[in-house]
Amino acid sequence: MEARNEQNRTAVLLRLLVIRAFNAYWVTTFFQPDEYFQALEPAWQMAFGPGAGAWLTWEWQHQLRSSLHPALFAAVYWLADQGARLLPVWLDARPILLAAAPKAAQAAFAAAGDWCTWQLAVRLFGPDTSASWFA
1 MEARNEQNRT AVLLRLLVIR AFNAYWVTTF FQPDEYFQAL EPAWQMAFGP
51 GAGAWLTWEW QHQLRSSLHP ALFAAVYWLA DQGARLLPVW LDARPILLAA
101 APKAAQAAFA AAGDWCTWQL AVRLFGPDTS ASWFA
């Protein structure tokens, strides 16, 4: 039974990534403005500098928040920017890549959380139980 669980791990992770990516890109529901102003805007400034046009709230102007969470997205922005530079000049995909990168990163974070929850359920309830598959 352990072999079956090993085979399922990769397949489940890929399915979770697809589900979370679909959710990130195609579901357009209500959002909190803080999702942008407390993470993505500071990340933009970290990645591209103070003159890059990021709009920072007063909490960031007075350095009242931790920069750890936005630093994750700053790294994502930087990687997307570097990837865009590798593309041919005639293919200006930089804006698309920079807009899509945080969504892709968040989809990966969410899928990893889902996968770890499933693996915990497998350890607690066994690999072939309904409880582990519904976790």
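With the numbering used here as the guide, the letters of the sequence shown map in order to residues 1 to 135.
Just so you know, even glycine gets a beta-carbon here, dropped at the ideal spot from N, CA and C.
{"Item": "Closest by C-alpha distance to P42, when choosing among H62, T29 and T10", "Value": "H62"}
{"Item": "Beta-carbon proximity list for M1, same chain, < 7 Å, skipping 5 on both sides", "Value": "Residue placement at M1 cannot be trusted, given a pLDDT of 49 that sits under 50; the coordinates are not used to answer."}
{"Item": "Reduced DSSP category for D128 - H, G, I as helix; E, B as strand; rest coil", "Value": "coil"}
{"Item": "Contact check, A121 vs A131, beta carbons under 8 Å", "Value": "yes"}
{"Item": "Test item: CB-CB of G80 and A110 under 8 Å", "Value": "Checking the sequence shown, residue 80 turns out to be Ala, not Gly. Taking 8 Å as the Cβ cut-off, A80 and A110 do not qualify as a contacting pair."}
{"Item": "Neighbourhood of L14 by C-beta distance below 8 Å, restricted to the same chain and skipping five residues each side", "Value": "none"}
{"Item": "Residue from W115, L124 and R123 with nearest C-alpha to T10", "Value": "W115"}
{"Item": "Own chain, CB closer than 7 Å to P70, minus 5 neighbours either side, in chain order", "Value": "A39, P42, A43 and M46"}
{"Item": "Sequence-distant residues of the same chain with beta carbon closer than 7 Å to F125, five excluded per side", "Value": "A131 and S132"}
{"Item": "Span separating the alpha-carbon of A54 from that of L98", "Value": "14 Å"}
{"Item": "Which of helix, strand or coil DSSP assigns to Q63", "Value": "coil"}
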